[in-house]
DNA sequence: CTGCATCCACTTTGATACTG
DNA sequence: CAGTATCAAAGTGGATGCAG
């Protein structure tokens with residue numbers, strides 16, 4: 001059951017042995033946002049074969065990255081969650097996402113955007129220096145996806161669903177039916193005013209500043 | 001010749017499509033340190049099949065990550081180097097290496113340590129806040145590997161070979177013949193004084209401080 | 001319905017041999 | 001030196017089956 005090692009005593013090689021296989025990091029990406037059931041992962045990862053998902057989950061569990069929890073009382077089912085080690089992958093995920101987003105061309109026909117991808121983009125684009133000592137919260141609605149970004153004293157938390165407390169500003173992006181609601185698309189909509197706002201509207205500029213990577217970098 | 005896409009318009013997915021295949025990031029790792037010829041990569045990546053190396057190099061070139069240069073006058077041969085896009089992968093490489101190094105157990109029999117792995121470890125472990133406004137240079141000798149670390153006003157440059165200018169301190173680590181000269185091994189040797197020094201010996205503590213990830217993190 | 005396991009065609013990888 | 005050619009083994013994608 002052991003994948004071929006690289007035979008190097010090296011952090012990068014080890015990382016690739018553990019999460020370098022196809023689909024592995026995308027599974028971790030979805031679990032970073034929140035724990036998920038098997039079928040949620042399956043539908044969220046549009047296109048992953050079920051046997052590959054099962055295999056990866058076993059390998060990731062074996063590696064101590066994912067934990068298989070049997071949900072207790074109400075729903076009772078299997079829930080997959082990241083361990084502390086798994087959560088430790090987030091900086092690497094964000095770094096890869098930042099680089100990859102510079103390599104994104106035009107969306108191909110058939111491409112989809114997952115809610116988790118949007119949350120990851122938000123985190124990847126966060127500019128800590130722009131948010132120093134800031135406290136503010138936003139809720140973003142785009143098609144049927146709702147996500148939130150809360151900055152407390154410069155610290156960011158994001159996730160899917162409504163904000164945990166009433167957000168300072170709610171942004172609803174309007175999209176044409178045939179338009180892909182990508183992160184860039186959302187930011188363009190915000191820039192061009194193609195949004196409905198509710199709350200402290202002056203926080204729209206702050207949003208743009210805090211979640212846009214400056215040109216120079 | 002196109003590898004199956006993930007079908008997601010997402011930075012992470014794109015990154016994995018471009019450099020997610022086996023051996024790809026290890027090739028990039030070696031090229032980050034310096035351009036290499038085909039055979040240097042082959043021997044440096046102990047264990048990579050030659051057809052896989054050839055395939056990866058073509059894919060990476062296609063992706064605009066690697067550049068194939070025909071060396072000019074004296075040696076004339078093929079040299080592979082990273083493009084600007086390829087160099088942009090370094091933060092992601094370092095983040096993965098940092099995580100992976102927390103997942104390194106004991107070295108397996110047969111494991112090797114590549115010089116490039118050591119250089120990457122040095123960069124991955126660099127603590128910018130500990131080096132603020134610092135200027136110092138070290139040359140590290142370990143077995144037959146020589147590498148250098150130069151900090152100029154808080155900015156780090158590292159590489160293989162002797163330091164570009166006379167280093168402030170030269171550290172030569174002593175290792176038993178059967179001991180693996182890993183980064184951890186080197187740092188232990190430094191801590192335990194199992195080193196020969198030449199130069200400003202008080203820079204040994206600085207070295208440890210600047211290139212050791214603190215416990216808390 | 002959820003959470004997989006099995007089967008099969010196809011692709012990628014590893015190991016080795018060989019060539020301009 | 002810088003690869004290509006060949007072939008077996010392993011991994012992946014897609015469809016389907018099935019128990020709790």
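Protein chains in written order, with UniProt numbering: chain A, 1 to 217; chain B, 1 to 217. Note that beta-carbon positions come from the ideal geometry of N, C-alpha and C, so glycine has one too. Being a predicted model, the structure only gives us computed values, none of them experimental.
Shortest alpha-carbon distance to residue i belongs to which of the options?
i	options	result
residue 27/A	32/B, 12/B and 52/B	12/B
residue 20/A	175/A, 196/A, 93/A and 142/A	93/A
residue 79/B	8/B, 35/B, 118/B and 22/B	35/B
residue 142/B	184/B, 213/B and 87/B	184/B
residue 89/B	85/A, 101/A and 82/A	101/A
residue 179/A	213/A, 110/A and 16/A	110/A
residue 71/A	37/A, 174/A, 195/A and 64/A	37/A
residue 133/B	114/B, 210/B, 118/B and 61/B	210/B
residue 8/B	95/A, 82/A and 45/A	45/A
residue 127/A	182/A, 5/A and 207/A	207/A
residue 59/A	4/A, 105/A and 106/A	4/A
residue 205/B	33/B, 136/B and 147/B	136/B
residue 62/A	25/B, 76/B and 103/B	103/B
residue 108/B	192/B, 25/B, 214/B and 182/B	182/B
residue 194/A	125/A, 119/A, 55/A and 171/A	171/A
residue 202/A	174/A, 168/A, 212/A and 122/A	168/A
Using 10 angstroms around the beta-carbon of residue i, count the other beta-carbons present and answer buried if the total reaches 16, otherwise exposed.
i	result
residue 190/A	buried
residue 153/B	exposed
residue 39/A	exposed
residue 86/A	buried
residue 31/A	buried
residue 149/A	buried
residue 49/B	exposed
residue 84/A	exposed
residue 163/B	buried
residue 188/B	exposed
residue 114/A	buried
residue 66/A	buried
residue 139/A	buried
residue 6/B	buried
residue 165/A	exposed
Note down, in chain order, every chain B residue with its Cβ under 8 Å from the Cβ of residue i.
i	result
residue 99/A	11, 15, 88, 89, 91 and 92
residue 62/A	Those within 8 Å of residue 62/A in chain B number zero; the least Cβ separation is about 12 Å.
residue 25/A	12, 16 and 20
Given that residue i touches chain A, what residues does it touch there, using C-beta distances under 8 Å?
i	result
residue 112/B	7, 8 and 9
residue 47/B	6 and 7
residue 121/B	10 and 11
Would you list the residues sitting across from residue i in a DSSP beta bridge?
i	result
residue 170/B	139/B and 198/B
residue 190/A	Paired residues: none, contrary to the question.
residue 8/A	112/B
residue 61/A	Note: residue 61/A sits in no beta bridge, so no partner.
residue 156/A	151/A
Give the DSSP-derived three-state secondary structure of residue i in the structure shown.
i	result
residue 103/A	coil
residue 181/A	coil
residue 69/B	strand
residue 130/A	helix
residue 149/A	strand
residue 45/A	coil
residue 212/B	coil
residue 50/A	helix
residue 98/A	helix
residue 56/B	helix
residue 112/B	strand
residue 161/B	coil
residue 176/B	coil
residue 204/A	helix
residue 80/A	strand
residue 17/A	helix
residue 36/A	strand
residue 93/A	helix
residue 88/B	coil
residue 22/B	coil
So which residues on chain B does residue i lean against when the C-beta distance must stay under 7 Å?
i	result
residue 107/A	9
residue 188/A	Under the 7 Å cutoff, chain B gives no residues; its nearest Cβ is about 14 Å from residue 188/A.
residue 117/A	8 and 10
residue 95/A	91, 92 and 95
residue 215/A	The contacting residues do not exist; residue 215/A stays about 15 Å from chain B at best.
In chain A, which residues lie with their C-beta within 9 Å of the C-beta of residue i?
i	result
residue 180/B	9
residue 69/B	Correct list: empty, because the minimum Cβ distance to chain A is about 22 Å.
residue 29/B	10, 12 and 13
residue 124/B	11 and 12
Please compile the residues from chain B whose C-beta is within a distance smaller than 9 Å of the C-beta of residue i.
i	result
residue 85/A	99, 102 and 103
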